[in-house]
Structure formats: C-alpha cells, structure tokens
Amino acid sequence: MTGARTGTGVVGVLGGSGVVGRAAARALRELGVERLRLGGRRLDAVAAVAAALPGGTDRASRAVAVDLDAAASLAAFCAGCSVVLNCAGPSYRVRGRVALAALAAGAHCVDVAGDDPAYEQLRAVDVAGTGRSVVLSAGMLPGLSGLLPRWLAQRQQVGGGGRLTVWTGGLERCSRTVAADLLLSVGGDPSGDPSGHPTDATVPFGESLAAWRQGRRVSRALRAQDGAELPYFPTSVSLQPYLSTEAERLARALGLDELDWFNVFPGRRVRDLLAALGTGREPLAEAAERLVRAAELDLTGRRPYFRMVFALDSPDGAATAVLGTRDSYRLTAAVGALAVTATLAGTIPAGLHFAAEVLDPAESVRRLAATPGVTLDLSHGPVELTSSVGAL
Ligand SMILES: NC(=O)c1ccc[n+]([C@@H]2O[C@H](COP(=O)([O-])OP(=O)(O)OC[C@H]3O[C@@H](n4cnc5c(N)ncnc54)[C@H](OP(=O)(O)O)[C@@H]3O)[C@@H](O)[C@H]2O)c1
Numbered sequence: 000m001t002g003a004r005t006g007t008g009v010v011g012v013l014g015g016s017g018v019v020g021r022a023a024a025r026a027l028r029e030l031g032v033e034r035l036r037l038g039g040r041r042l043d044a045v046a047a048v049a050a051a052l053p054g055g056t057d058r059a060s061r062a063v064a065v066d067l068d069a070a071a072s073l074a075a076f077c078a079g080c081s082v083v084l085n086c087a088g089p090s091y092r093v094r095g096r097v098a099l100a101a102l103a104a105g106a107h108c109v110d111v112a113g114d115d116p117a118y119e120q121l122r123a124v125d126v127a128g129t130g131r132s133v134v135l136s137a138g139m140l141p142g143l144s145g146l147l148p149r150w151l152a153q154r155q156q157v158g159g160g161g162r163l164t165v166w167t168g169g170l171e172r173c174s175r176t177v178a179a180d181l182l183l184s185v186g187g188d189p190s191g192d193p194s195g196h197p198t199d200a201t202v203p204f205g206e207s208l209a210a211w212r213q214g215r216r217v218s219r220a221l222r223a224q225d226g227a228e229l230p231y232f233p234t235s236v237s238l239q240p241y242l243s244t245e246a247e248r249l250a251r252a253l254g255l256d257e258l259d260w261f262n263v264f265p266g267r268r269v270r271d272l273l274a275a276l277g278t279g280r281e282p283l284a285e286a287a288e289r290l291v292r293a294a295e296l297d298l299t300g301r302r303p304y305f306r307m308v309f310a311l312d313s314p315d316g317a318a319t320a321v322l323g324t325r326d327s328y329r330l331t332a333a334v335g336a337l338a339v340t341a342t343l344a345g346t347i348p349a350g351l352h353f354a355a356e357v358l359d360p361a362e363s364v365r366r367l368a369a370t371p372g373v374t375l376d377l378s379h380g381p382v383e384l385t386s387s388v389g390a391l
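Just so it is clear: in the sequence shown, position 132 is 131 by numbering that gives the first Met the number 0, and no numbers are missing.
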C-alpha cells in the first residue's frame, strides 16, 4: 500500500496545552515541523504554549480554541491540517472521534492514546479507502512498549518461540487525564459521561494476573507480589502481572511461547488505590483526583523515573533491553511526534494501525533513544534474578 504524501503541511496538536501535548509541540518543532496549530478549550493555555515554542510566536504557529465534544468545533480545528496529533483525553471517552473528524477533513491522524476503544470504533470504517492513515497508541505505553521488544527480537534474529519477561513502571506524577484513563481502562465510569458521549468500558485493556502460554492467554497464571527486588529498579517494588491487549498482539507477532508482563509499583499509595478499584462507586473526577494525589505522595522526596525492562530468552539467544526515562510523558510526546513525521514522510500506509505495528522498530528506537533524559541499555544474556520474581 502506498502512503499519501502530504508535504509538511499544518500539523494540528489537539490537547496542545496538556503535559503530553506541549512536549509534542516542542518535539515537532525540533524535528523541523514549522506549521503547528495548537488546540484546547482554554485559548490562553494553548497560546502560552505556542509563545514558548522554539522560535517563539510566529505566523507559522497558531493557537485555537476547540472543544472536541462539539462536532463543528472539532471539524473546524481539523480543516486544513495534513495531520492531526491527538493528545487530548481521556481516550476511553474520545475513542475514534478525533480520527473520524481528521479523516473527514482529509487529514491523517496520530493519537498518543486511543488504544483499543478507538480501534474498535474505527475498524468499522474503511480508513484505507480514504487514502489516509490513522496511527493509534503512539505513546510510550502502549506504543514504545510494543516497538522495543520487536527491535530486540529483530536484533537477536529471533525466529519465533522463546520467552519474554517484561517489567514496566516507576515513580512519576500523574496528570488528571492519565488518571482518568487508568481508571476507565480498569473499571469503567460509574458517574457516566457528562459530555454525553458513551464511554467504551466494554473494550478491555487487558487482564490482571494473566500471562501468555503457547499461543494463548491463560488467566491467573501469575500472582502479585510485594517487596520484590528487581534488577534495574532502585528500591523494592510491588509487582502486578497484567497481560494487555498490546502484549497479546506482541506475543502473536513474535510467535512467543511465553510472555510474562509485570506492572511495577515502587510506591505503595498508587498500588493500593488501584488494587482497591472496582469496590468504590465514586465519580470519575474524584477518583482521578485521588490517584493524582497518591502519585504525588509516592513521589515525595524521591526522584521521578520510569523503566521498561525486556528480557528475551529464546533458542536463538538471550538479551535484555532496559529503557529508562525521567519523564514518560515527554517520551510519549516523542513517540507521537515521530509517528507524525513518519506520516508526513509518506512511510505509513493508508489504513488503521497501532504504532508498534507500523513504525520501523530499529529506526524508531534509534531516534527515541536520543530523546534527552532517555537511556537505553542492551545487555546480552538473561536477566540475573535473585528469585523467580512473580512466578507461581
Ligand atoms: N501511551 C502513553 O504512554 C501515554 C502516556 C501519557 C499520556 N497518554 C495519553 O495522552 C493523553 C493526554 O494526557 P496528558 O497527560 O497530556 O493530559 P493533560 O495534561 O490533562 O492534558 C489534556 C489536554 O487535552 C485538552 N482537552 C481536554 N478536554 C478537551 C476537549 N473536550 N476539547 C479539546 N481539548 C481538550 C486540555 O486542554 P483544555 O482543558 O484547555 O481543553 C489539555 O490540553 C491522555 O489520553 C493520556 O492517556 C498516553
């Protein structure tokens, strides 16, 4: 399939005043994208981001007031864009709405989230027939979390089979939108959606305690664990096994025999709050606020970090990739910006994609590892664990 060539055109960044959106706008500028349209409901907030971009306020960057919950406002934002980069959420409420508006305006779309709820909505549409592309999950996790192991497998020339163990987590602040997405992805929203748009809580993000075994998901294959000592994590941590839909797609694509994925919680407050979810029926905004505060408290007096550790062990060899960052939001923005430039360069085929399945793993990892504050280490041989962490 051929990609639509768009030149450098206007790139719309929706949610341009958010934590991810403002980092994405800066990353796009640094990648040479001059013409940016930054949108959000609060015009003063996006205008401030536009003014602070490298090069300052110029005619090439515009700040626009837009409400994605109002169809006409969203359509006007997308009109004239080559690519719309969606950094607004929560994605379980936005689903494919921004992508649909972008396609209707003749633009491509990249979404730093979107994930399965957007995919489920958009698969009913002939995206390829529009000649445009939609790239979902163009963030760090999901996103880079699916690209890095593909790169590792390519590097090791793994021809199928083998076992992958993954640990992802860290200590970070949590934005309100991320908090809402986390809550929606695990438990739905008892308060309903004030925007009137349905929340797609029926689309699962994954399954707790599940693991991949011989070509299928196996429920309750692993157990949670507290006080685990893990290589590459500076303090003892709690482990929560979680097989996401992205992890399942990865296991299928690499032909893995086994995949164990652990969410890592160095802080007790976030872990305890997430563990208690499903029992409460408080409105989403209040629950999200509690999650934001719990992350702040876990971080008090400690330095923020996020790690993704991939240990691949196969008949073709063993290797471990360790990615560290002080700011996963910035890395998410870098992945989104990378997907936008790939789209502008015409390397993304028309149609609906997940970023991890359509971006070139080697090229993407090479460029993302150069993001300030990111380290990527590759060691050969399996991870040395003091005990069989998290396994039954
Ligand atoms: N894949 C990953 O690894 C990853 C990592 C981090 C974040 N994310 C995702 O990235 C998205 C943004 O996260 P964030 O931390 O940047 O959130 P944030 O800081 O809360 O920012 C949200 C942005 O969206 C705008 N917005 C909210 N509602 C809007 C609406 N109805 N119409 C137009 N704009 C609206 C906000 O501006 P106004 O309030 O002024 O409208 C703001 O600019 C979320 O979906 C999150 O799940 C993904």
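Backbone N, C-alpha and C fix where the C-beta goes; we use that ideal spot for every residue, glycine too.
C-alpha gap between residue 99 and residue 229, whole angstroms: 43 Å
Local Cβ density within 10 Å of residue 182, reported as buried at 16 or more and exposed below that: Buried, because 16 or more other Cβ atoms sit within 10 Å of the Cβ of residue 182.
Rounded C-alpha distance that separates residue 192 from residue 322: Note that residue 192 has pLDDT 49, beneath the 50 cutoff, so the model's placement of it is unreliable and the number below is only indicative. Approximately 36 Å between the Cα atoms of the pair.
Near ligand 1: residue 90 beta-carbon under 8 Å from a heavy atom: yes
DSSP three-state assignment for residue 267, whether helix, strand or coil: helix
Cβ neighbours of residue 74 in the same chain (closer than 6 Å, five flanking residues each side left out): Answer for residue 74: 100, listed in chain order.
Residues near residue 176 in its chain [Cβ-Cβ closer than 7 Å; skip 5 each side]: Residues of the same chain with a CB within less than 7 Å of the CB of residue 176, apart from the 5 flanking positions on each side, are 17, 88 and 89 in chain order.
Cβ-Cβ separation, residue 11 to residue 38 (assumed contact under 8 Å), whole Å: 6 Å
Span separating the alpha-carbon of residue 306 from that of residue 377: Going from the Cα of residue 306 to the Cα of residue 377 covers about 13 Å.
Residue 300 CB to nearest heavy atom of ligand 1 below 8 Å: no
Residue 244 to residue 367 span [Cα, whole Å]: 23 Å
CA-to-CA distance, residue 34 to residue 59, given in whole angstroms: Residue 34 has its alpha-carbon roughly 5 Å from the corresponding atom of residue 59.
Separation of residue 146 from residue 190, as counted between CA atoms: Note that residue 190 has pLDDT 48, beneath the 50 cutoff, so the model's placement of it is unreliable and no number is given.
Cβ-heavy atom distance, residue 41 to ligand 1, below 8 Å: Taking 8 Å as the cut-off, the C-beta of residue 41 counts as close to a heavy atom of ligand 1.
Proximal residues to residue 215 (C-beta, below 8 Å), its chain only, five neighbours per side dropped: none
DSSP-derived helix/strand/coil call for residue 17: coil
Contacting residues, own chain, Cβ-Cβ under 6 Å from residue 351 (five flanking each side not counted): Excluding sequence neighbours, residue 351 sits near 121, 126 and 133.
Rounded distance between the beta-carbons of residue 232 and residue 165, thought under 8 Å: Rounded, the Cβ-Cβ distance is 13 Å, inconsistent with contact.
Beta-ladder partner(s) of residue 324, from DSSP: 305 and 373
Best match in 271, 97, 313 and 102 for proximity to residue 114 [C-alpha to C-alpha]: 97
Beta strand (DSSP E) runs wholly inside the region 35-73, at least 3 long, in chain order: 35-39 and 60-64
Helix, strand or coil at residue 108 according to DSSP, with G and I counted as helix: strand
The region 303-319 in contact with the region 332-352 per 3-pair CB rule at 8 Å: Contact fails: fewer than three Cβ-Cβ distances are below 8 Å.
Residue interval of the beta strand (DSSP E) (run including residue 81): 80-85
Whole-angstrom distance between residue 139 and residue 287, CA atom to CA atom: Straight-line spacing of the CA atoms in residue 287 and residue 139 works out to 21 Å.
Beta-carbon proximity of residue 311 to residue 152, cut-off 9 Å: Their beta carbons are under 9 Å apart, which means residue 311 touches residue 152 by this criterion.
Own chain residues within Cβ distance below 8 Å of residue 387, not counting five before or after: Confidence in residue 387 is poor, its pLDDT being 36 and thus under 50, which makes the residue's placement unreliable; the coordinate value appears in the next sentence. Result list for residue 387: empty, nothing under 8 Å.
Cβ neighbours of residue 253 in the same chain (closer than 6 Å, five flanking residues each side left out): 152
Residue 67 to residue 43 span [Cα, whole Å]: 17 Å
Classification of residue 135 by the beta-carbon crowding that lies within 10 angstroms, buried from 16 upward: buried
Rounded separation between residue 335 and residue 354 - CA only: 9 Å
DSSP state of residue 204 mapped onto helix, strand, coil: In this structure, residue 204 counts as coil in the three-state DSSP scheme.
CB contact flag (residue 69, residue 15, <9 Å): no
Minimum length 4: unbroken alpha helix (DSSP H) runs contained in the region 112-144: 114-121
Any non-hydrogen atom of ligand 1 within 8 Å of residue 326 CB: no
Cβ-heavy atom distance, residue 180 to ligand 1, below 8 Å: Judged by the Cβ position, residue 180 qualifies as a neighbour of ligand 1 at the 8 Å threshold, a heavy atom of the ligand being closer than this.
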